[in-house]
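With the numbering used here applied, the sequence shown corresponds to residues 5 to 357, in that order.
A virtual CB, placed ideally from N, CA and C, is assigned to each residue, including glycine.
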Amino acid sequence: MPRSSSLWQLYLARLREFYRQPARIFWVYGFPIVLAVVLGLAFNSGAPEVVVVDVVDTGEARTIFGLVASAVDPEDGRVGVALNLVGPEEADLRLQRGQTPLVVEPTGPNAVSYRYDPTRPEALAARAAFDDAYQRALGREDVAETTNAIIDEPGSRYIDFLIPGLIGVNAMGGGLWGIGFLLVNFRIGKLLKRFQATPMPRRNFLLAILGARITFLIPDLAILLTLGVVGFGMPIRGNLGLVILMDVVGALAFAGIGLLVASRAQTTETVSGLMNLVMIPMWLFSGVFFSYERFPEAMLPFIKALPLTQLVDGLRRVILEGAGLVDVGSNLLVLATWAVVTFVIALRIFRWN
5 MPRSSSLWQL
15 YLARLREFYR
25 QPARIFWVYG
35 FPIVLAVVLG
45 LAFNSGAPEV
55 VVVDVVDTGE
65 ARTIFGLVAS
75 AVDPEDGRVG
85 VALNLVGPEE
95 ADLRLQRGQT
105 PLVVEPTGPN
115 AVSYRYDPTR
125 PEALAARAAF
135 DDAYQRALGR
145 EDVAETTNAI
155 IDEPGSRYID
165 FLIPGLIGVN
175 AMGGGLWGIG
185 FLLVNFRIGK
195 LLKRFQATPM
205 PRRNFLLAIL
215 GARITFLIPD
225 LAILLTLGVV
235 GFGMPIRGNL
245 GLVILMDVVG
255 ALAFAGIGLL
265 VASRAQTTET
275 VSGLMNLVMI
285 PMWLFSGVFF
295 SYERFPEAML
305 PFIKALPLTQ
315 LVDGLRRVIL
325 EGAGLVDVGS
335 NLLVLATWAV
345 VTFVIALRIF
355 RWN
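Now the structure itself:
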């Protein structure tokens with residue numbers, strides 16, 4: 005039997021091991037779908053936004069209620085304002101707990117004091133919405149004539165921004181946890197020593213794990229894309245083959261990192277810590293749930309060097325902007341570099357024991 009057949013047999017073994025464990029199937033395929041559906045429903049509602057503001061119950065509070073209610077028009081395109089009358093102590097407690105973004109306390113005739121945390125975007129939005137309604141109710145006139153253009157076109161919504169990010173996160177999680185934990189469990193169970201005793205080349209063992217991971221990736225990508233297109237009307241403006249290529253190269257990059265992290269780890273605690281050390285920065289910085297442009301400019305070179313950043317950026321450009329191979333060539337190059345370098349290093353330092 006040729007030595008190359010060990011690669012095929014190991015690949016088949018990984019496939020059988022995967023589909024015989026329902027819990028693993030759920031975390032690879034089910035959990036991303038649940039996450040996409042929940043976030044999609046939360047951010048895909050067509051109902052106008054309404055902010056709830058606490059008003060301290062004083063003598064002027066009832067007047068404020070009437071003024072603001074008369075100034076809120078649900079059809080004028082502005083953020084709606086709903087008022088909640090509370091006592092002073094309850095207002096402070098609700099603000100401290102994050103149960104309200106803004107507390108308004110009347111301080112005199114036509115005078116109020118705002119209490120809020122300026123680092124919370126929802127607090128700034130609540131203050132702006134309440135102040136706008138209150139000032140207009142007191143007679144302020146808007147000099148400039150304005151119109152509202154609501155962005156609800158497919159491809160421009162938050163759910164369209166989110167789906168490519170979830171595809172990238174799942175590629176990262178599968179590459180790191182799916183490969184790293186597998187190797188460490190093999191090492192703990194003394195299975196790697198048994199593999200070492202066979203005439204199988206080391207590269208075949210590692211390539212089989214990588215191949216199985218890519219095989220699992222394709223159904224996952226199909227499920228999330230189908231959910232985005234059918235469930236939320238997300239467009240795919242670029243070439244579908246390029247989407248698949250981008251995801252596969254990204255998955256190879258994360259699989260290489262997973263191999264590297266687990267190449268010498270001896271316990272699940274060690275590999276868990278290393279995995280979190282690698283994944284958490286990318287969860288926070290790579291623009292999965294919000295744009296990484298929010299971070300200081302000095303951090304952007306580091307952020308853009310992260311593989312998840314390159315993968316998510318490339319997927320969004322292809323899916324939402326219709327970018328071609330040349331347009332995302334730099335993204336693919338960075339991801340391929342991560343894949344090759346980490347795999348070569350892992351191959352050199354990998355320990356069976």
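- Taking 4 residues as the shortest admissible run, the region 291–339 contains the following complete alpha helix (DSSP H) segments, listed from N- to C-terminal end: 304–309 and 311–325.
- Under the Cβ criterion (8 Å, minimum of three pairs), the region 256–265 counts as touching the region 342–349.
- Put simply, the backbone Cα of Phe220 is about 18 Å away from that of Leu315.
- Judged by their CB atoms, Ile163 and Ile183 are not nearer to each other than the 9 Å cut-off.
- Every beta strand (DSSP E) of 3 residues or more that sits fully in the region 79–137 is shown, in chain order, as 84–90, 107–112 and 115–119.
- Spanning the alpha carbons of Asp135 and Leu89 requires a straight line of approximately 17 Å.
- When DSSP states are grouped into helix, strand and coil, Asp58 belongs to the strand group.
- Sorting Ser117, Val60 and Gly178 by C-alpha distance to the C-alpha of Phe35 places Gly178 at the top.
- For Val173, the uninterrupted alpha helix (DSSP H) segment begins and ends at Tyr162 to Ile192.
- When the five nearest sequence neighbours on each side are left out, the beta carbons in the same chain lying within less than 7 Å of the beta carbon of Leu225 are those of Ile171, Ile248 and Asp251, in order along the chain.
- Looking at the backbone, the Cα of Met204 and that of Arg18 are separated by about 16 Å.
- Here Leu11 carries a helix assignment [DSSP, helix/strand/coil].
- Taking all protein chains in view, the Cβ of Met303 is surrounded by fewer than 16 other Cβ atoms within 10 Å, so the residue is classified as exposed.
- Shown here for Val56: same chain residues with a beta carbon closer than 7 Å to its own, the five before and five after excluded, namely Ala86, Asn88 and Thr104 in chain order.
- Check the Cα spacing between Leu337 and each of Phe347, Leu351, Ala309 and Leu142: the tightest is with Ala309.
- Between Arg320 and Gln270, the C-beta spacing is not below 9 Å.
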